[in-house]
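Below is one structure; the comments refer to it alone.
What follows is the structure in structure tokens.
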């Protein structure tokens with residue numbers, strides 16, 4: 019056995035790490051915490067593609083002085099004894115994946131905005147001996163404002179490292195058979211548990227500005243394909259399924275049809291039995307628990 023000198027740097031053991039990453043959450047359902055979270059989130063150039071000289075005065079002069087109080091009230095509606103539902107569920111997913119993969123792989127989790135931060139968790143995986151890391155953004159449908167910004171943040175950390183781990187990124191899995199099968203099994207069970215048979219099922223995805231589609235972002239196409247494959251897997255011809263987009267922000271044109279607009283249209287048509295599912299969200303969060 020080779021004995022290392024006391025001042026020798028740690029010797030890594032060649033382990034494999036997996037880092038699950040979701041969007042993020044404020045640390046508490048309070049205006050101050052929400053303001054800090056929104057400042058980080060809405061300052062990301064991947065999220066708001068407006069030149070900072072034009073955007074930052076609007077963000078810091080108007081939005082961050084008006085939106086946090088209202089958003090904090092919404093977060094309080096969904097907060098649990100475990101804290102943020104998004105953070106709690108993501109942590110549980112990491113624990114379940116660790117149990118599934120066994121001791122040969124180290125599984126951790128992070129948030130793109132807020133805590134635990136991507137750089138800190140990548141550092142922890144490397145200190146634990148991981149020479150290879152799979153970065154797993156929990157976004158089934160690829161979008162620059164979600165998947166790409168996770169990769170950007172990991173890249174920022176890599177640039178600070180002299181000794182870098184080999185990093186791979188989980189690609190979009192919008193049409194992966196296992197993902198579609200899992201969605202169909204879960205949604206099918208929930209539909210069966212209802213006391214009524216829906217006439218209409220809305221498949222509501224998070225919205226994005228229309229401009230992202232025009233610039234070549236595949237998100238819209240990925241959502242449409244997920245919805246088509248899910249409808250085929252569910253095989254419930256008695257239910258009319260409609261793909262919609264939620265969470266519009268600002269005055270720009272967003273992907274359509276909008277979830278709230280379709281709800282109003284269905285009510286006007288006389289639809290009495292309607293259900294909503296959100297297949298693009300890997301964990302329940304403000305958008306599913308409060309907005310929908």
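Numbering (my numbering), first residue to last: 19 to 310.
Just so you know, even glycine gets a beta-carbon here, dropped at the ideal spot from N, CA and C.
Please name the residue in the options whose C-alpha comes closest to that of residue i.
i           : options               : result
residue 291 : 62, 22, 216 and 101   : 216
residue 244 : 286, 194, 155 and 51  : 194
residue 137 : 170, 238 and 121      : 170
residue 321 : 159, 36, 148 and 255  : Absent from the model: residue 321. The displayed extent of the chain is 19 to 310, so no value can be given.
residue 296 : 177, 230, 157 and 161 : 157
residue 236 : 159, 148 and 121      : 159
residue 155 : 190, 125 and 183      : 190
residue 188 : 36, 270 and 32        : 36
residue 225 : 247, 68, 268 and 128  : 268
residue 123 : 279, 250, 302 and 32  : 32
residue 49  : 132, 22, 83 and 23    : 83
residue 301 : 108, 56 and 88        : 108
residue 289 : 53, 258, 179 and 116  : 258
residue 186 : 168, 95 and 150       : 150
residue 278 : 238, 293 and 262      : 262
residue 90  : 73, 196 and 46        : 46
residue 221 : 73, 210 and 299       : 299
residue 145 : 174, 173 and 183      : 183
residue 233 : 275, 192 and 163      : 163
residue 223 : 270, 275, 210 and 140 : 275
residue 212 : 249, 227, 58 and 294  : 294
residue 242 : 98, 266 and 273       : 273
residue 96  : 44, 79 and 118        : 44
residue 270 : 286, 308, 305 and 230 : 230
residue 59  : 198, 286, 131 and 284 : 131
residue 98  : 303, 310 and 26       : 303
Can you look up residue i in the DSSP assignment and give me helix, strand or coil?
i           : result
residue 43  : coil
residue 127 : strand
residue 139 : helix
residue 63  : coil
residue 269 : coil
residue 215 : coil
residue 258 : strand
residue 309 : helix
residue 289 : coil
residue 57  : helix
residue 160 : coil
residue 49  : helix
residue 191 : coil
residue 22  : coil
residue 132 : coil
residue 120 : coil
residue 147 : coil
residue 302 : coil
residue 85  : helix
Going by the DSSP bridge assignment, what does residue i pair with across the sheet?
i           : result
residue 263 : 223 and 276
residue 101 : 98
residue 152 : 36 and 186
On the DSSP letters alone, give me the boundaries of the alpha helix (DSSP H) that residue i sits inside.
i           : result
residue 239 : 237-252
residue 230 : 228-232
residue 174 : 167-176
residue 73  : 70-76
residue 27  : Unbroken run through residue 27: none, as it is neither H nor E.
May I ask which residues mark the beginning and end of the beta strand (DSSP E) holding residue i?
i           : result
residue 294 : 292-295
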